[in-house]
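Q:
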Amino acid sequence: MDYTVVCRKLGKVYRQNTIAVHALADIDLEIPRQDFLCLSGPSGSGKSTLLNLIGGLDKPTSGEVEVDGIRLASLDKGALAKLRLRRIGFVFQAYNLIPVLTARENVEFVMQLQGVPAEQRAEKAMAILKEVGLSDLADRRPGELSGGQQQRVAVARAIVSEPSLVLADEPTANLDSRTAQALMELLVHMNTEHNVTFVFSTHDKLVMDFSRRLIKLHDGRIVEDVRRG
Amino acid sequence: MPSKTVRTPLLLTLAWRNLWRHRRRTLVMLFALVLGVWSMIVMAALIRGSMEQHVKKEILNLTGHIQVHAPAYRNDPAIEHRFAIPPALAATLHDQALVAASARVRVPAVVSSERESAGVVLVGIDPQREQGLSFIAKSITAGQYLSAPDDPGLLLGRKLAEQLETALGRRVVLMSQDADNQIADRGFRVVGIFDADPQAMETGYVFIGLVVAQEMLKIGSEVSELAAMTPDRMRLDAALTKMAAAAPGLEVAPWTEVQPLLVLTENVNNVVLLIWFTVVFAAMAFGLVNTLLMAVFERTREFGLFQALGMPPRFILGQVLVESLILLGIALALGNLVSWASVAGLKDGIDLSMFAEGFEMVGMSPVIYPALAAGDVTAANVIVVVLGVLASLYPAWRAARYVPVEAITRT
């Protein structure tokens, strides 16, 4: 089977002074290509930590992560950045956008780093902004957008270059139910039509309802892994 | 790899917009940098201008650009160390490459009025040829300049005339040693009074006609020195070579050898400028590093986001450096412009005559005319850019080495 993400015996221990906090322990997880997966669990259960380790934003204390067959432990900082640029899209819970760039420029940002020509960038950025209902606000900077609008711009930026994996931490936070529904439909479309694998970390039932696989975390361990539909 | 042509506009856009996120802070830093650049360049222009005036004045004070002497003359400027001008050397006096050239008799003497006497240097000059070669022709403030090499008159400095309690039209006696080691003396009427800067030139020198001096000292057509002025005092090699070839057995020396103190002063000035540049830049560098560090710390989460989105660390480093370069570039452009305007505005000189005595003690003019030297402007610009970029490396390095997840979660 073709896996986008494979985690083996993944563990993460944070040290707070002399106290060791086990954020994740012995996580074995395989995420097939085109999966639409939701991580849930109470605060502190390790959802965000797992997303960060899969995205190569943090280093595990034990175990290893593979993305598209590439062992993250074997990559240096520059190579990790390159991997994220080419293969992974991120949506963070807060502080998602670059304040000095407009909504359109934020969406174009990753494509610009990838070296996509300006015309093509602008075209794709406007198309995706239209899909998230923000084409009229394309020239506004983040400070001139509401929290929900900023979140939609962040989602647009994460998916516009069609990465093989999108990691989204509470993507529907700050969105009203109607916008959240439309956004999730867009993500499902990206998932089914463009083979993008999605991993969400959320408390939102709507996101869970859209997901085909639900993983529950508790105290840094997987306590339930359910595939639906 | 993404092409650099695509990345560069992004880098410039981010750097430029980030600079103006805190407009007031950037403007304050910019003002400090402009002030620093201005102070570097204007200070250099003032020192260079003052030095240039000093050198020009010393060259006009009987130094010239090139001097020819008998080998022992410079150690012992006495009558016996005279020389006959070789024909080939005489021909070079008419060389088109020289602005002016003339022979002089220059020996120690005593000048006496009916009341006082003083030790001086007797200078026998060719009045016409001396024009453009030394200060004397343009310094007569009373009476008249000598008319010919055989003019029987004498030119006396104002201060010396006061010391001798004599005046224009009165007679004085010059006494020296002739070629036969006998006392040679002769009476002269004071036909002209001159002012000189420094005042030591007024009290230390008297001028008579060259032929008159040669007759008085019984040296025929021999002279003590030959001085020449060229179009450019910094390019003497060709003239020196030509004159040395025409004067075998004689000492042909550039002004830098004749007046080594001038070169030393110029070197000291260069060191003072370098120290000034370093002090000013050090002050600027602290401000620059502080501003950039603040900007980097404020944007910690942003740099984490950049890394999460796939921006390579070296690109983040580059972004901070470009911010610094833009700031330095604007500061240099404005600093150079303001400096140029300041120097242009001071073209009539800065009158520091309230400190005139102090200036005269070190042989400097109390009116300073700033002179922009391309080398100083280049040095100031290069120092600001090179050291500015070096000073920016630390904040840039800090920005590039954040761990993404730590940066993003920092509050």
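Going line by line, the protein sequences match chains P and C. Per the working numbering, the very first residue in the first sequence carries number 1; after that it's consecutive. Per the working numbering, the very first residue in the second sequence carries number 1; after that it's consecutive. We put the CB at the ideal spot given by N, CA and C, even for glycine. This structure is a prediction, so every number in the text was calculated from the model and none was measured.
(1) C:N290 CB to nearest chain P CB: under 8 Å?
(2) At the level of alpha carbons, what is the spacing between C:T8 and C:F315?
(3) Measure from the C-beta of C:E302 to each C-beta in chain P and report whether the shortest distance is under 8 Å.
(4) Return helix, strand or coil for C:M311, following the three-state DSSP convention.
(5) Scan the segment 111-128 of chain P for residues whose Cβ lies nearer than 8 Å to a Cβ of chain C and list them as they occur along the chain.
(6) Going by other Cβ atoms of all chains shown within 10 Å of its Cβ, with 16 needed for buried, is C:E165 buried or exposed?
(7) Quick one: what does DSSP say C:M1 is sitting in, helix, strand or coil?
(8) Excluding the 5 residues flanking C:W20 on each side, which residues of the same chain have their C-beta closer than 8 Å to its C-beta?
(9) Between the Cα of P:P163 and those of P:D204, P:M190 and P:L137, spot the shortest distance and give me the residue it belongs to.
(10) Could you tell me the distance, in whole angstroms, from the CA atom of P:L244 to the CA atom of C:S392?
(11) Run through the DSSP bridge pairs and tell me what C:P108 is partnered with.
(12) Leaving out the 5 sequence neighbours to the left and right, which residues in its chain are closer than 7 Å to C:T395 when beta-carbon positions are compared?
(13) Going by beta-carbon coordinates alone, are C:L11 and C:V403 separated by less than 8 Å?
(14) Distance cutoff 8 Å, beta carbons only. Does P:G78 sit that close to anything in chain C?
(15) Pull up the DSSP beta-bridge partners for C:Q67, would you.
(16) Considering only DSSP beta bridges, list what C:V206 is partnered with.
(17) Any beta carbon from chain P within less than 8 Å of C:V322's own beta carbon?
(18) Per DSSP, what kind of secondary structure is C:Y73 in: helix, strand or coil?
(19) Just to confirm before moving on: does the CB-CB distance between C:I140 and C:F188 stay below 8 Å?
(20) Let me check understanding here. Comparing Cα to Cα, which of C:V338, C:N18 and C:Q182 lies closest to C:A109?
(21) Please classify P:K47 as buried or exposed, where buried requires at least 16 other C-beta atoms within 10 Å of its C-beta.
(22) Evaluate contact between the segment 61-69 of chain P and the segment 209-229 of chain P, counting only Cβ atoms and requiring at least three cross-stretch pairs below 8 Å.
(23) As a quick exercise: from C:L390, C:P366 and C:L346, pick the residue whose alpha carbon is nearest that of C:S324.
(24) Just grab the DSSP bridge partners of C:S134 for me.
(25) According to DSSP, P:T197 sits in a beta bridge with which residue or residues?
(26) Residues of chain P with CB under 9 Å from C:V296, in chain order?
(27) Do we get a CB-CB distance below 8 Å when we pair P:I27 with the residues of chain C?
(28) Compare the C-alpha of C:R129 against each of C:M284, C:S112 and C:P149 and name the closest.
(29) State the CB to CB distance for the pair C:S350 and C:I368, rounded to an integer number of angstroms; the pair is presumed to be in contact (CB under 8 Å).
(30) Quick check: is the beta carbon of C:I408 nearer than 8 Å to any beta carbon in chain P?
(31) I'd like to know if the segment 124-131 of chain P and the segment 102-112 of chain P are in contact, where contact means that at least 3 CB-CB pairs between them fall below 8 Å.
(32) Using the beta-carbon of each residue, which ones in chain C are nearer than 9 Å to P:N174?
(33) Less than 8 Å between the beta carbons of P:V207 and P:I31, yes or no?
(34) Taking C:Y73 as the reference, give the member of C:W276, C:E257 and C:S224 with the closest Cα.
(35) Name the chain P residues that come within less than 7 Å of C:M311, Cβ to Cβ?
A: Taking the definition as stated:
(1) no
(2) 10 Å
(3) yes
(4) coil
(5) Q112, L113, Q114, G115, V116, P117 and A118
(6) exposed
(7) Per-residue confidence for C:M1 stands at a pLDDT of 45, beneath the threshold of 50, marking its modelled position as unreliable; the derived number appears in the next sentence. Coil, per DSSP.
(8) T26
(9) P:M190
(10) An answer regarding residue 244 of chain P cannot be provided, because it is not within the stretch 1 to 229 covered by chain P.
(11) C:V121
(12) Going by the sequence as given, residue 395 of chain C is Pro instead of Thr. Closer than 7 Å at the Cβ level, and outside the excluded window around C:P395, lie V289, L292, L293, V296 and V320.
(13) no
(14) yes
(15) C:A227 and C:A253
(16) C:L122 and C:L156
(17) no
(18) coil
(19) no
(20) C:Q182
(21) buried
(22) no
(23) C:L390
(24) C:Q131
(25) P:L165
(26) None at all; the shortest Cβ gap to chain P is about 15 Å.
(27) no
(28) C:P149
(29) It should be pointed out that residue 350 of chain C corresponds to Ile in this sequence rather than to Ser. About 5 Å; that satisfies the 8 Å criterion.
(30) yes
(31) yes
(32) Going along chain C, no residue has its Cβ under 9 Å from P:N174, so there is no contact; the nearest lies around 17 Å.
(33) no
(34) C:S224
(35) A81 and L113
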